[in-house]
Amino acid sequence: MEERGSPDGDLARSLEQGPEGPETPIQVVLRVRPMSAAELRRGQQSVLHCSGTRTLQVSPPGGGPEVAFRFGAVLDAARTQEDVFRACGVRRLGELALRGFSCTVFTFGQTGSGKTYTLTGPPPQGEGVPVPPSLAGIMQRTFAWLLDRVQHLGAPVTLRASYLEIYNEQVRDLLSLGSPRPLPVRWNKTRGFYVEQLRVVEFGSLEALMELLQTGLSRRRSSAHTLNQASSRSHALLTLYISRQTAQQMPSVDPGEPPVGGKLCFVDLAGSEKVAATGSRGELMLEANSINRSLLALGHCISLLLDPQRKQSHIPFRDSKLTKLLADSLGGRGVTLMVACVSPSAQCLPETLSTLRYASRAQRVTTRPQARKSPVAKQPQRLETEMLQLQEENRRLQFQLDQMDCKASGLSGARVAWAQRNLYGMLQEFMLENERLRKEKSQLQNSRDLARNEQRILAQQVHALERRLLSAYYHHQRGPGLTPPCPCLMAPAPPCHALPPLYSCPCCHICPLCRVPLAHWACLPREHHLPQVLDPEASGGRPPPARPPPWAPPCSPGSAKCPRERSHSDWTQTRVLAEMLTEEEVVPSAPPLPMRPPKTSPGLRGGAGVPKLAQRLEALRDQIGSSLRRGRSQPPCSEGARSPGQVLPPR
Ligand code: ADP
Ligand code: MG
Numbered sequence: 002m003e004e005r006g007s008p009d010g011d012l013a014r015s016l017e018q019g020p021e022g023p024e025t026p027i028q029v030v031l032r033v034r035p036m037s038a039a040e041l042r043r044g045q046q047s048v049l050h051c052s053g054t055r056t057l058q059v060s061p062p063g064g065g066p067e068v069a070f071r072f073g074a075v076l077d078a079a080r081t082q083e084d085v086f087r088a089c090g091v092r093r094l095g096e097l098a099l100r101g102f103s104c105t106v107f108t109f110g111q112t113g114s115g116k117t118y119t120l121t122g123p124p125p126q127g128e129g130v131p132v133p134p135s136l137a138g139i140m141q142r143t144f145a146w147l148l149d150r151v152q153h154l155g156a157p158v159t160l161r162a163s164y165l166e167i168y169n170e171q172v173r174d175l176l177s178l179g180s181p182r183p184l185p186v187r188w189n190k191t192r193g194f195y196v197e198q199l200r201v202v203e204f205g206s207l208e209a210l211m212e213l214l215q216t217g218l219s220r221r222r223s224s225a226h227t228l229n230q231a232s233s234r235s236h237a238l239l240t241l242y243i244s245r246q247t248a249q250q251m252p253s254v255d256p257g258e259p260p261v262g263g264k265l266c267f268v269d270l271a272g273s274e275k276v277a278a279t280g281s282r283g284e285l286m287l288e289a290n291s292i293n294r295s296l297l298a299l300g301h302c303i304s305l306l307l308d309p310q311r312k313q314s315h316i317p318f319r320d321s322k323l324t325k326l327l328a329d330s331l332g333g334r335g336v337t338l339m340v341a342c343v344s345p346s347a348q349c350l351p352e353t354l355s356t357l358r359y360a361s362r363a364q365r366v367t368t369r370p371q372a373r374k375s376p377v378a379k380q381p382q383r384l385e386t387e388m389l390q391l392q393e394e395n396r397r398l399q400f401q402l403d404q405m406d407c408k409a410s411g412l413s414g415a416r417v418a419w420a421q422r423n424l425y426g427m428l429q430e431f432m433l434e435n436e437r438l439r440k441e442k443s444q445l446q447n448s449r450d451l452a453r454n455e456q457r458i459l460a461q462q463v464h465a466l467e468r469r470l471l472s473a474y475y476h477h478q479r480g481p482g483l484t485p486p487c488p489c490l491m492a493p494a495p496p497c498h499a500l501p502p503l504y505s506c507p508c509c510h511i512c513p514l515c516r517v518p519l520a521h522w523a524c525l526p527r528e529h530h531l532p533q534v535l536d537p538e539a540s541g542g543r544p545p546p547a548r549p550p551p552w553a554p555p556c557s558p559g560s561a562k563c564p565r566e567r568s569h570s571d572w573t574q575t576r577v578l579a580e581m582l583t584e585e586e587v588v589p590s591a592p593p594l595p596m597r598p599p600k601t602s603p604g605l606r607g608g609a610g611v612p613k614l615a616q617r618l619e620a621l622r623d624q625i626g627s628s629l630r631r632g633r634s635q636p637p638c639s640e641g642a643r644s645p646g647q648v649l650p651p652r
C-alpha cells in the first residue's frame with residue numbers, strides 16, 4: 002500500500018505542530034465494496050472506477066457525464082481488510098489517543114455498503130465458526146496494535162472500554178450486567194455530552210477486549226432485509242479510554258468519571274435506507290425512520306459546521322442522541338476519521354452519489370484537537386511551603402479585618418454584640434408588624450370587594466324600579482300601546498332604549514336608563530324631565546347625570562350646572578310621580594324584583610353607600626306599591642290636571 006498521500010501521513014504532519022495544533026480537517030477514506038453475488042446474478046454493472054489512490058469516478062449508466070470525487074484515500078473492491086486498516090491511519094489515531102487526544106473513527110454509507118464489515122469484519126458464518134483473522138476489521142486490528150503498543154511503553158497504562166448502541170433514539174448499554182435499559186445523555190462543562198450510568202469496563206488483555214466486543218456485537222440489534230441479511234438497526238459506539246499514569250500524575254478526582262486521558266471511539270453507524278428499496282415494514286420501518294432521522298441531524302450539523310460564520314452560529318447537536326455523542330468529534334477538540342462506504346452497483350447509484358457528496362462535505366469540516374491534561378502531582382516540599390505561606394497570609398488578613406471593624410464603629414466588642422442583638426430584635430419586630438399589616442390590608446380588600454358587589458346588586462334593583470316608574474309614567478301620560486322611539490335610537494344603542502322617551506336637559510345629555518350620552522336635539526322641554534333616583538355611586542363610576550326632576554326649580558340661566566345633590570325631596574318627587582300612575586297594569590320592562598332587599602353586611606368596611614341604597618330601594622318599593630293601589634282606585638288624570646312640574650309637599 003502506498004504510504005505517500007495517505008491520511009496517516011497528512012494527519013501526522015498536521016498534528017506534529019503541537020498538542021493544541023491548528024484546525025484539522027476530518028479525514029475521509031472511501032471504501033468501495035465488491036459486487037455481491039446477488040448483484041452479479043442480476044447482471045448489475047459497476048458504475049464506480051478508482052483513478053489513482055485518491056480519486057473516484059462515477060460513470061452513470063446510459064452514458065451520462067462522469068463525476069469525480071477526491072478523498073484522503075480511495076480503496077477499491079480489491080483492497081483487503083489489512084489494506085484498509087493501514088490506509089485509514091488508525092495507528093496514528095491510537096498514538097494520539099495515548100497522548101491524551103480524543104479520537105473517533107466512524108463508518109458512513111448506505112445500508113449494505115460494508116460499514117460493519119469494514120469495522121468488525123463479516124458476521125460469523127455459524128455457531129462456533131470463527132471469522133478468519135484475515136477478515137478481521139479495523140477494530141480488531143486496532144485492539145491488537147494498541148495492546149502490543151501499551152506493553153512496550155515504559156509507563157503503566159489503564160485501559161477501559163464502554164460499548165453502547167443508539168436504537169430508536171434510546172441509548173442502551175451493550176455491556177450492562179442486566180438487560181440493557183435506556184440511559185440518559187447528559188452534558189457538563191468538563192465532559193461535554195456523556196451517557197450517565199454507562200458501564201465502563203477495565204481490561205488488561207486483548208482476549209478480554211475481544212470478548213467485550215463479541216458481547217456487544219451479539220447484543221446489538223440487527224435484522225434482515227432485501228439489501229442486507231445482517232443489517233444493523235442501531236448506531237453502535239465502542240470507546241476505549243486510555244490513561245497513562247506517569248509518576249507525576251494524580252488519579253482522577255471523581256471516581257464516577259473516566260480517568261483523565263485519551264479516547265479512541267469506533268462508531269458503526271446504521272445505514273441510511275430507502276424504505277421502498279429495503280421493503281421494511283412494521284418495526285423495521287420504525288427503525289429505518291429513526292435511523293434516517295438521526296442521520297439527517299448528523300448531515301445538518303455537518304452542513305452548518307461548514308458555514309464560515311459557524312463560530313457565531315448555533316450547531317444543533319442536541320437534535321439527536323447521535324449528534325450529541327459525536328459533538329466533540331465533529332466540531333470540538335477531537336481528531337476524526339470517516340470511512341465512507343459505497344456499493345459499486347448501478348442500482349445503488351442515487352444513494353452512492355448522496356454518500357459521496359456527504360463525505361466530500363465532511364472532509365471540509367475542521368476540529369481543533371486538544372489533549373486532556375492530567376493534573377500533575379506537586380512536590381510535597383513545594384506544597385508544604387505553599388501551605389505555610391497561605392496560612393501566614395490568612396492570619397495577617399484576619400488581623401487587619403479586626404482592626405478595621407473596631408476603628409470604624411468605635412465600639413468595644415461587648416457593645417458591638419449588644420448593638421447587633423438590638424438591631425436583630427428591631428428587625429424581627431418590623432417583620433412581625435409588616436406581616437400583621439399585610440393581613441389587615443387583605444381583610445380590608447375583601448370587605449371592600451364584598452361591599453362593591455352588594456352595591457352593584459342594589460343599583461341594578463333601583464335601576465329596574467326606575468324603569469318601571471318611567472314606564473308607568475308614560476302610560477299615564479300618553480295612554481297604552483304608544484311607545485315613541487327613544488331619542489337614543491338615532492344612534493346605535495343598547496336594547497334598553499326601547500323604553501319610553503327619555504329626556505335630557507342641555508346641561509346633562511345622558512340617557513337616564515343606560516347612561517348613554519345623548520345629542521342636544523334629543524332633549525325635550527325641562528318640564529318633561531323625569532325623576533332620577535340613582536345614587537351617583539351606583540352608576541358604576543360614570544359621570545353623574547345631573548338631571549333635575551320635572552318638579553325641580555328650573556336652572557338659573559347663568560348657571561352652567563344643575564343641582565345634583567340628592568335630598569329627601571327626591572323621594573317626595575318620586576312619590577308624586579307614583580301617584581300619577583293609572584289603573585292600567587304596569588308591564589315590567591325589567592326582571593322581576595326580589596321580594597326582600599338583599600341583606601347588607603353591617604360589618605363591612607368601606608361600604609357606607611350600601612345601607613343608604615337599600616333604604617332607598619325599600620322606599621321606592623313602597624311608593625310603587627302605593628301608587629299602583631291608588632292608580633287602580635282612581636280614573637286616569639286628564640292632561641294638564643296635574644303637570645309633572647307640580648310639586649307636592651313632602652310626606
Ligand atoms: P452495512 O453495515 O453497511 O449495512 P455490512 O457491513 O453488513 O453493510 O455488509 C453487507 C454485506 O456485504 C455483508 O454480507 C458483508 O459481508 C458484505 N460485504 C461488505 N463489504 C464487503 C467487502 N469489502 N468484501 C466482501 N464482502 C463485503
Ligand atoms: Mg451495519
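Positions 2 to 652 (our numbering) are the ones given, in order, by the sequence shown. Think of the CB as a built atom: it goes at the ideal place given N, C-alpha and C, for glycine as much as any other residue. In this text, all values refer to a predicted model and were calculated from it rather than measured experimentally.
Q) CA-CA distance, Arg294 and Gln371? A) Roughly 30 Å between the two C-alpha positions.
Q: Quick one: measure Cβ to Cβ for Leu31 and Val343, integer angstroms, because I've assumed they're closer than 8 Å.
A: At roughly 7 Å, the Cβ-Cβ gap stays under 8 Å, so Leu31 and Val343 are in contact.
Q | For Thr119 and Val336, believed in contact at Cβ under 8 Å, the rounded distance | A | Their Cβ separation, rounded to whole angstroms, is 19 Å, which puts Val336 and Thr119 out of contact at 8 Å.
**Q.** Per-residue DSSP class, three states only, for Phe102
**A.** coil
Q) Which two residues bound the contiguous alpha helix (DSSP H) that contains Glu83? A) Gln82 to Ala88
Q. Contact between the region 198-216 and the region 291-308: three or more CB pairs below 8 Å?
A. no
(Q) If contact is defined by three or more beta carbon pairs under 8 Å, each pair taking one atom from either stretch, is the region 135-146 in contact with the region 218-225? (A) no
Q | Cβ-heavy atom distance, Asp269 to the ligand MG, below 7 Å | A | yes
(Q) On the criterion of 16 or more Cβ atoms from any shown chain inside 10 Å, does Asn229 qualify as buried, or is it exposed? (A) Residue burial annotation: Asn229 is buried, with at least 16 other C-beta atoms found within 10 angstroms of its C-beta.
(Q) Looking at chain B, is there any beta carbon in it that lies within less than 8 Å of the beta carbon of Ser135? (A) Absence of chain B from the displayed structure is noted, only one protein chain being present.
(Q) For Thr159 and Gln126, I'd like the C-alpha separation in whole angstroms. (A) 34 Å
Q | Inter-residue Cα distance where the pair is Val91 and Leu176 | A | 24 Å
Q. Between Pro66 and Ser60, what straight-line distance do the alpha-carbon atoms span, to the nearest angstrom?
A. So the two alpha carbons sit approximately 7 Å from each other.
Q.
For the ligand MG, I want to know if Lys275 counts as a neighbour, meaning its beta carbon is within less than 7 Å of at least one of the ligand's heavy atoms.
A. no
Q. Quick one: Cα of Leu471 to Cα of Leu433, how far?
A. If you take the alpha carbons of Leu471 and Leu433, they lie about 57 Å apart.
**Q.** Cβ shell of Cys40 (< 6 Å), same chain only, five flanking positions each side left out
**A.** The identity of residue 40 in the sequence shown is Glu, whereas the question assumes Cys. Only Ser346 meet the Cβ criterion.
Q.
Quick check for students: name the residue ranges of the beta strand (DSSP E) that lie wholly in the region 23-87, counting only runs of 3 or more.
A. 28-33, 49-52, 56-59, 68-71 and 74-76
Q.
Please report the distance separating the alpha-carbon of Phe1 from that of Arg362.
A. Since the first residue of the chain shown is 2 and the last is 652, residue 1 is not available in this structure.
Q: Determine, using beta carbons only, whether Leu184 and Val196 come nearer to each other than 8 Å.
A: yes
**Q.** Beta carbon of Thr105 nearer than 8 Å to that of Ser273
**A.** no
Q: To the nearest angstrom, report how far apart Leu165 and Thr368 are at their CA atoms.
A: 24 Å
Q) For Phe102 versus Gly263, is the C-beta spacing smaller than 8 Å? A) yes
Q: Compute the Euclidean distance between the alpha carbons of Val172 and Ala74, then round it to the nearest angstrom.
A: 32 Å
(Q) Going by beta-carbon coordinates alone, are Leu49 and Ala162 separated by less than 8 Å? (A) no
(Q) Let me check one thing: in DSSP terms, what residues is Pro183 bridge-paired to? (A) Looking at the DSSP assignment, Pro183 forms a beta bridge with Arg173.
Q. In three-state DSSP terms, what is Cys512?
A. Annotation note: pLDDT 49 at Cys512 (below 50); position unreliable, coordinate value reported separately. Coil, per DSSP.
Q: Give a single yes or no on whether Lys264 has its beta carbon closer than 7 Å to a heavy atom of the ligand ADP.
A: no
(Q) Please list the terminal residues of the continuous alpha helix (DSSP H) segment that includes Asp329. (A) It spans Lys322 to Gly332 - the alpha helix (DSSP H) in which Asp329 sits, taken as one unbroken run.
Q. Which of helix, strand or coil does DSSP assign to Val132?
A. coil
Q) Near Gly95, which residues of its chain fall below 7 Å by C-beta distance, leaving aside the five closest residues on each side in sequence? A) Thr143, Trp146, Leu147, Arg150 and Leu265
Q. Does the distance from the C-beta atom of Thr117 to that of Ser244 stay below 8 Å?
A. no
(Q) Short of 6 Å in beta carbon distance, which residues of its chain neighbour Ser321, apart from the five on each side in sequence? Order them along the chain. (A) Ser295 and Ala298
Q | Neighbour-count burial assignment, Lys325, 16 or more Cβ in a 10 Å radius | A | buried
Q: Kindly indicate the opening and closing residues of the beta strand (DSSP E) around Arg352.
A: Correcting the residue type first, residue 352 is Glu in the shown sequence and not Arg. Unbroken run through Glu352 is the alpha helix (DSSP H), Leu350 to Ala363; no beta strand (DSSP E).
Q | Reduced DSSP secondary structure (H/G/I, E/B, other) of Gly127 | A | coil
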